[in-house]
Structure formats: structure tokens, C-alpha cells
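The structure under discussion appears below in the form of C-alpha cells.
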Amino acid sequence: MAPIRAWLDKTTETWTPPTTRDLASPLRFLYWLTRSQSRRIALGAVLGICWTVGLTVPPWVLSRAVDEGLVAGNTGALVGWALVLLAVSVLNALLGIARHRTMTKIRMDASFRSVRTTVWHTSRLGASLSRRVSAGEVVTVGISDVYTVAMALTVTGPGVGAVVAYAVVAVVLFTISPLLAAVVLAGVPLLAVTVGPFLQRIERTGGEYRVHQGRLTTRLIDVLAGLRVLNGLGGKTFVAERYDDQSQRLVGRGYRVAGPASWVGALSTGLPALFLAAVVWLSARMAATGAITIGDVVAVYGYVAVLVVPVSFFIEGGADIARARVAGQRIIDLLNLPVASDNDTAALPTGSGPLVDPDSGVIVRPGLLTALVAANPAEATTVVERLGQLTSEDTDVTWAAVRIDEVPREQFRQRLVVADNDAEVFAGTVRDIVAGRMEPDDDRIRAAIHTAVAEDVVEALPGGLDAVIAAGASDLSGGQRQRIRLARAVYSKPDVLLAIDPTSAVDANTESAMIDRIREARRDTTTVITTSSPLVLDRADEVIVLVDGKTSSAGTHADLLRSDPYYRDLVTRAQDGLDDE
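Written as C-alpha cells, this is what we have:
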């Protein structure tokens, strides 16, 4: 087995992402998974053929033992054929073990390859992923769909073996009786006519079920994330009842999928049994008339009994492919989400700007703390997403006259960071969370925590920097999570930091300290903050006012209060909101 294992390792341990052509349809995606481990698939097919064809040998050996041993009264021949039967059975057992091990590896490879491809693509989508596909859909793809698709690759081993074994049995039966062979061969179109409509219904109803399953998973994730808030508002019972109602609807759709699936399962057992009964009855009548021998009757019974295996593989393989087409469509829908182009034709200039967004007219001058303010906060967020290249749409944003969509993405992400309040916080120690993708440096981590005014958060945790924070920072308050996220962004020391409303969940005293420390820590670098807080606006070097997503005016907070009535009214409303709190 060592040479075979070495032969397999030449290709099966490599990974390359699928091409656009590989994602054209679910069947093309299945073909990519098959092609990606072609050597192992070939071995699985060979073992599947050997095993299923090997199952047809014992009936022939048994027929020889009957005719040449029992009927002829030859004890030596009987013992000899019995030993041959034992050897064949042992060999079949070993082939079965090897086949099963190989097919398990094939399914695992397909599953892990699909997961790796999904992770690879979602990482390329970055922050835009959450705005284009629900979290529940991603979870369902990663847990359910990849497993369903991987199971369909079973047809490459036992499925191929079933086809060959069916042909072999038909040929052998033809040597015994053409009539028996014709009855067996007639079973294939009968299977297609009987099972085909059920497979089509599985595919149709399975697609509907899969869509609602993704939606319900999304709702569950949202409920778990907001459980503390729901408890505080007293809405947990209402949400639980609503989730229960939607779960029952999903169960109903599941029953509609399970109906045809159960028929397929029943037919995979029932139809072979009917074949067995019909062929045995026919062979027994032929033996009674002397057309075939008693040994032939035994062999025919064994051959038809063996056919239960390939016929079951035919039916189950068809059902697996039908389900895989549904699951594969969901996977390729995710993988076909477009990623912002990365032409790698330019390099970012030294320095930190200026950043220019022609769509809004925003010009972020280097080395300043710039505040973006709008009556609708989403307008300011949209500008930041364009500046940070978080959208899949083409952008004309430039960095020191160089288009950012012509800059290598990795270089761009190292020098510009977007701090979003929805950014994920993975489970880990404070040290690992704040350091993020960079090497941890305790002095720098403490400095970043100081800048984000998060010292009290860390001091309240047992273990300081070694304290463990739960996934999503669910064990922290909203304001604490916000400051930890800001500390992570500050730690990376980007040339340009784009922060989306980083002080929205803290009190006025903390907010004042945060903006002062950000100014000090990021002196001579570029920082952009979206906000409507008068405290932040007053400390910004420049304020850019957006109206309907376009730059209306720009200047210092004091100058705009004197010269821009729209800005003055906007800030007054924001101040009144703070006073009401």
C-alpha cells in the first residue's frame, strides 16, 4: 500500500481555488471536486469495481460445489470448492475494507476542500460579506451543504462498481439463460421510470427547504447574539414563540422533502426484492423442466441477491446527486459573489493620502483628524466603505492620485484599516484579540488599550491581558466591546484609520477621553471618524458635512457653526438628544 499512498499524495494534498467555469453549475462544482482528487477517485472506482464484481464470484463457486460436489457425490470436490469460497470471501472482505477507507477519504477531501474554498472566498469578500449574505446562510453552507455535496461523491466508487457488476451479472445470466438476462436488464429502465419523479421532487422541495433553513439559522444567530438585550427588554418569550412558529413551518417543509425521500429509501429495498422473487421463480420453473441445473438455480439466486447491492447504489446515488444539486447551488451562489478587483498594477505612495472620493466629493487630507457628519449616518458609512474598498462595486477613490482598486489588496489592508462596530471579535485572550493578525507586543497592546480608554475593561477581567473573552465579546457590554475593537484597530498602526462612529456606545466623559487620546496617539497620521457627537466634532481638525451623500461644506467645527445653518441645526439636534439622555 505504500507505493499507492505515495502515488495518491502527488495530487490529493494540493489545493487550488475553482475557476469561474467550475462554478457555472452544481454539476460543474461536483466535477471540480472529482477532478481535484482524480487519483484517489480512480482508486476508489477500481476498488468499487473489484468489490462489487467480487460479490458475484461466491454464487458461481457455490454452484460448482453443488453440481460437482453434492449432486455428483464427490467429497473432495466439495471440500475444494468450499476452501475456494472461503478464500474469495476473505478477499472480498479485504476489498470492502479498502473501498470503504478510500471512499471515506474521498468524502472528507471533498468536504474539507469545499470548506477551504468557502473560507478562502469569504475572507476575500471581507467586511462586505455581512451586507451581502446572512450569517445563517454561511453557517448552513459550512455545516450542511458541504457534507451533502461530499456524500454525492460516493457514486464515483460504489456507483461505478455497481454499473460494472450489473453488466457482469447480466452477461453471466445470459450464458445460463437469455430470458433471465432479459428480465434483469429490464430492471434499469423500470428503476428510472419509478424513482425518477421522486428524485425530481426531492430536488424541488429540497431547494425550498434549504432556503428557509438558512433564514431560520440566521434568526437563531441573531437571537443568541441579542439574548442579553432581549432579557432586559422582556422580549425573550415573544421571540421564542416566533422562532417556534417558524421552526414548525420548517418542519412542515421538511416533511415534504422527507416524503419522496422515504419512497426512494423504500424502493431501494423493495424493487431489488421484487427482482429477486421474479427471477428465482422463473429459474425454479426452468430447473423443474430441466432447462438449467440445480447448481444454476443456486447461482441465479446468488447473482440476483448480489444485484440488491448495485440496485440500491443506483437509487441512493441518484438521491444523493439530487440533494447535492440543491446544496451545490447554495455553495456556488456564495462562491460567485463578486470580489473587488485586484489588478496589482500600482503601489501605494508613501505617506497617508490625500484620499479622494469623487462620488461624494470628500477629500481626506493627510495628517488630520477628519470627521464625517450627516443627518443620515448611513451616508457617512457609505463613504467610508468606498474609501476602505469594502464594496464589490467599482470605485474611483484615489490615494495620492493612485486608484485604490489598482493597488494590491494585501498592501492596501496593511496601510488602511476600517474600524467597524460590527467587526467580529473572536474568542481568545485580550492580548490575542487586540493584537489581531499581528505579533503581540504587551507594551504596544497596553498603549492601544490606553488610547481606546479600555483600561477599566481589562482591569475588571481576571488575568489582565491573559483574560479570556468569549466569542463575539458577548460577556462584555456594548461600550466595552466598542473600545476593545478600537484598541485592536489602533494597535495595527495604519497610515489611515477609518472609524465608524467609534464612541456611540460610551458616556460623555469616556467619549471626551477617547477622542483626545486618539488625537494624541495618531498625530501626523490620517484618521477619519463618522460621528454626529458635538464632543468629537469640536476636537476634529476638519469636519466634512454630507447632504444626500455629497459634500455640502467643510471646515472646523467653530467655523461651520457660524457659517452653515444646516450644520448648526444638525449639531443642535444631536446636542438636544444628548441632553435628553
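One point on numbering: in the UniProt record's numbering, the residue at position 178 of the sequence shown is 178, and numbering is uninterrupted. A virtual CB, placed ideally from N, CA and C, is assigned to each residue, including glycine. These figures come from a predicted structure and were not determined experimentally.
Beta-ladder partner(s) of residue i, from DSSP
i           : result
I294        : In the DSSP output, where bridge partners are listed per residue, I294 has none listed.
residue 601 : One cannot answer for residue 601 here, as it falls past the ends of the chain, which runs 1 to 581.
V468        : T429
D357        : V362
G555        : V543
T399        : The amino acid at residue 399 is misidentified as Thr; the sequence shows Trp. DSSP, once it has assigned bridges, lists L355, V402 as partnering W399.
T122        : Bridge partners of T122: none, in fact.
I500        : T530
K493        : DSSP output for K493 lists no bridge partner at all.
A419        : A499
Euclidean distance between Cα positions of residue i and residue j
i    : j    : result
L230 : Q480 : Here L230 scores only 47 on pLDDT, less than 50, and its place in the model should not be relied on; the value that follows carries that caveat. Rounded to the nearest angstrom, the two C-alpha atoms are 19 Å apart.
V571 : L335 : 44 Å
D524 : L33  : 51 Å
D548 : D564 : 16 Å
S51  : A489 : In the sequence on display, residue 51 carries Trp and not Ser. Going by the C-alpha atoms only, they are around 58 Å apart.
G142 : V364 : 40 Å
D569 : L561 : 9 Å
R522 : A460 : 27 Å
F29  : L47  : 24 Å
L91  : L55  : 10 Å
A45  : R249 : 41 Å
G159 : E316 : 9 Å
D245 : V251 : 10 Å
S532 : A540 : 12 Å
Q389 : G259 : 47 Å
T350 : A374 : 31 Å
V506 : E379 : 22 Å
A72  : S63  : 12 Å
P462 : D432 : 15 Å
Supposed close pair residue i, residue j - CB separation, criterion 8 Å
i    : j    : result
V362 : I544 : 6 Å
L486 : T429 : The Cβ separation is near 18 Å, so there is no contact.
V445 : A435 : According to the sequence displayed, residue 445 carries Ile and not Val. About 6 Å; that satisfies the 8 Å criterion.
S352 : P338 : Incorrect: roughly 29 Å between the Cβ atoms, too far for contact.
V61  : V88  : 6 Å
V149 : A327 : 5 Å
M103 : S177 : Rounded, the Cβ-Cβ distance is 34 Å, inconsistent with contact.
A448 : Y491 : 4 Å
Exposed unless 16 or more other CB atoms sit within 10 angstroms - verdict on residue i
i    : result
T20  : exposed
T503 : buried
M108 : exposed
W399 : buried
E424 : exposed
G302 : buried
W81  : buried
R132 : exposed
G76  : exposed
F314 : buried
L348 : buried
Y31  : exposed
R113 : buried
A558 : exposed
G318 : buried
R35  : exposed
L274 : exposed
L83  : exposed
P58  : buried
L125 : buried
S283 : buried
Below-9 Å beta-carbon distance, residue i vs any chain D residue
i    : result
V139 : Reference to chain D is not applicable here, since this structure consists of a single protein chain.
| said: Assess contact between the segment 290-297 and the segment 63-71, defined as three or more Cβ pairs (one per stretch) separated by less than 8 Å. Is contact present? | reply: yes
| message | Three Cβ pairs or more, each shorter than 8 Å: is that satisfied between the segment 351-360 and the segment 152-161? | response | no
| query | Do three or more CB pairs link the segment 88-106 to the segment 325-333 at distances below 8 Å? | reply | no
| Are the segment 460-477 and the segment 400-418 touching, with three or more C-beta to C-beta distances below 8 Å? | no
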